[in-house]
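Residues in the sequence shown are numbered from 27 upward in steps of one, following my numbering.
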Amino acid sequence: MTQSQPTLADALQSFAANTPGLVYQFALHADDSVSFPYLSDGCAALLGVHSGELQEMPERFLQLILPQDRKGYLDSMNASAGALSVWNWEGRIFIDEWNDEKWINLRATPHVLAEAPGSVQWDGIMSNITASKLEQEETAHSRARLAELTAHIEQVKEEERTRIAREIHDDLGGNLTAIKMALATLATRLPANQPELADKAAYVDALVDRTIDAIHRIALDLRPSILDFGIVAALEWQVGEFEKQMGIRCSFSCEDKEIELASDHAAALFRIFQEALTNIAKHARASAVNVSLQRRRHEVVLAIADNGIGIAPADRLKPQSFGLRGMNERAKALGGTMALSRARGGGTIVTIETKERQPHAK
């Protein structure tokens with residue numbers, strides 16, 4: 027006896043049986059009613075509803091979807107039907123009997139039903155993506171916690187820099203000034219017939235002057251006191267220092283005489299600016315830098331453009347690019363973004379956009 031050839035239905039059943047998830051056909055009719063012409067045996071395991079029951083009451087599927095996700099489901103269905111494009115949707119369902127919430131993904135291909143004018147039918151697969159979604163959410167939460175921790179560490183570091191800078195300036199600076207004054211008094215009382223003592227006193231006096239200069243420089247590096255005068259003054263001062271130290275022409279523009287920011291916000295923006303200038307000095311081979319600061323509604327935008335050789339896309343992804351990564355992390359901590367783009371005629375533009383945060387009321 028010869029074996030009968032497998033039919034299309036048999037092939038579909040075999041495919042569905044070996045496919046994880048739910049293989050289905052879904053139809054949207056001209057009167058806006060829906061139906062499930064075909065549902066594989068995976069229906070009950072995925073949706074908690076037997077295939078026959080769902081085919082009798084196809085509206086139950088929409089009822090399974092969480093209310094906040096239904097609009098996205100319907101919008102994506104209508105868009106797919108209108109353009110006859112692949113329907114790809116992710117959302118949550120809740121199965122009362124199991125007290126279970128799941129993330130599902132459906133991906134289906136539409137085609138017009140010739141026998142039913144105005145109707146569209148999809149052939150597709152539904153799958154349970156709860157595990158991957160929970161992993162994504164946990165990763166997102168971990169990144170958010172890491173960003174919060176990074177921001178907190180940067181704030182603590184800035185506060186510690188400020189404290190150390192003030193102690194160095196006030197305590198060590200004050201003591202050295204007192205030593206210099208006492209030394210000047212002693213120098214006037216040295217015997218005239220012992221010039222070698224006068225030379226020693228002059229040497230110590232010069233040493234005190236160099237130490238005072240070093241203290242001022244170290245305190246300035248830890249936290250520029252110019253920040254006390256506001257972010258506009260601080261950036262303008264840094265531009266002048268950069269031009270003087272590096273010999274690179276540097277201009278600064280800001281329409282506002284002052285933009286009031288919270289102290290931690292101003293310090294973070296200033297550190298980003300310093301790092302950008304450091305990168306230009308090290309890598310850009312630039313002869314000119316243009317810096318602009320402006321307020322746009324509730325945002326502050328800092329742009330640093332150079333006329334150097336530019337930065338290659340691959341260089342942005344290098345593991346050693348700690349400067350760029352640090353700038354980006356600081357910008358995120360401010361609730362903003364950092365973007366790199368190519369300047370007209372070559373070079374690089376670094377743009378930092380942050381939310382404007384006012385100083386805390388005292």
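Note that CB positions come from ideal geometry on N, CA and C, so glycine has one too. No experiment lies behind these values; they were computed from the predicted model shown.
Where does residue i sit, in a helix, a strand or coil, going by DSSP?
i, result
"Asp254", "helix"
"Lys283", "coil"
"Asp57", "coil"
"His178", "helix"
"Ile130", "strand"
"Asp67", "coil"
"Gln220", "coil"
"Ile330", "strand"
"Asn125", "coil"
"Thr188", "helix"
"Arg243", "helix"
"Arg321", "strand"
"Arg368", "strand"
"Ala338", "coil"
"Gly117", "strand"
"Gly150", "strand"
"Val12", "Here the chain covers residues 27 to 388 and nothing more, so residue 12 does not appear."
"Pro136", "strand"
"Thr165", "helix"
"Leu48", "strand"
"Ser277", "strand"
"Val112", "coil"
"Glu379", "strand"
"Thr363", "strand"
"Thr211", "helix"
"Ile91", "strand"
Round the Cβ separation of residue i and residue j to the nearest angstrom and send it over; I've been treating them as touching at under 8 Å.
i, j, result
"Gln151", "Leu72", "Residue identity differs from the one stated: residue 151 is Ile in this sequence, not Gln. Not confirmed; about 10 Å, so no contact."
"Ala310", "Ile335", "6 Å"
"Ile252", "Leu287", "About 14 Å separates the two Cβ atoms, so there is no contact after all."
"Arg187", "Arg249", "5 Å"
"His324", "Lys283", "With 8 Å as the limit, His324 and Lys283 do not qualify as a contact, their Cβ atoms being about 19 Å apart."
"Leu88", "Ser145", "Leu88 to Ser145, Cβ: 18 Å. No contact."
"Ala294", "Glu180", "7 Å"
"Ile238", "Gly199", "7 Å"
"Glu176", "Ala338", "At residue 176 the sequence reads Thr, which differs from the Glu that was named. That belief does not hold up - the Cβ atoms of Thr176 and Ala338 are roughly 27 Å apart, past 8 Å."
"Lys159", "Trp129", "4 Å"
"Ala245", "Ile194", "5 Å"
"Phe268", "Leu303", "5 Å"
Exposed or buried, which one is residue i when buried takes at least 16 other CB atoms within 10 Å?
i, result
"Met83", "exposed"
"His178", "exposed"
"Glu281", "exposed"
"Asp57", "exposed"
"Val182", "exposed"
"Val138", "exposed"
"Thr374", "buried"
"Leu110", "exposed"
"Asn104", "exposed"
"Gln220", "exposed"
"Ser59", "exposed"
"His167", "exposed"
"Leu223", "exposed"
"Ala240", "exposed"
"Glu163", "exposed"
"Glu85", "exposed"
"Leu328", "buried"
"Ala142", "exposed"
"Glu184", "buried"
For residue i, which residues of its own chain have a beta-carbon under 8 Å away from its beta-carbon, when the five flanking residues on both sides are left out?
i, result
"Thr135", "Val112, Trp113, Trp148, Asp149, Gly150"
"Val234", "Leu202, Ile205, Lys206, Leu209"
"Cys69", "Leu48, Tyr50, Val75, His76, Ser77, Leu80"
"Ser102", "Trp113, Asn114, Trp115"
"Leu92", "Gly117, Arg118, Ile119, Phe120, Glu127"
"Asn354", "Met364"
"Arg236", "none"
"Gly372", "Asn333, Gly334, Ile335, Gly336"
"Ile285", "Gly256, Ile257, Val258, Leu319, Arg321, Val326, Glu382"
"Gly352", "Glu301"
"Ser367", "Thr374, Ile375, Thr377"
"Tyr99", "Leu88, Ile91, Trp115, Gly117"
Looking only at its chain, what residues have a beta carbon closer than 7 Å to the beta carbon of residue i, apart from the 5 residues adjacent to it on each side?
i, result
"Ala357", "Ile298, Thr363, Met364, Ile378, Thr380"
"Thr156", "Lys128, Trp129"
"Ala107", "Leu54, Pro136, Val146"
Leaving aside the five residues before and after residue i along the sequence, list all residues of the same chain whose C-beta is less than 6 Å from its C-beta, in chain order.
i, result
"Trp189", "According to the sequence displayed, residue 189 carries Arg and not Trp. Cβ within range, chain order: n/a, list empty."
"Ser153", "Gly47, Asn131"
"Arg96", "none"
"Asn305", "Gly349"
"Ser279", "Ser318"
* **Cβ pair count under 8 Å reaching 3, the segment 215–227 against the segment 162–178** => With a cut-off of 8 Å, the segment 162–178 and the segment 215–227 do not count as touching, because too few Cβ pairs lie within range.
* If we count Cβ pairs, one from each stretch, closer than 8 Å, do we get three or more for the segment 306–315 versus the segment 275–290? -> With a cut-off of 8 Å, the segment 275–290 and the segment 306–315 count as touching, because enough Cβ pairs lie within range.
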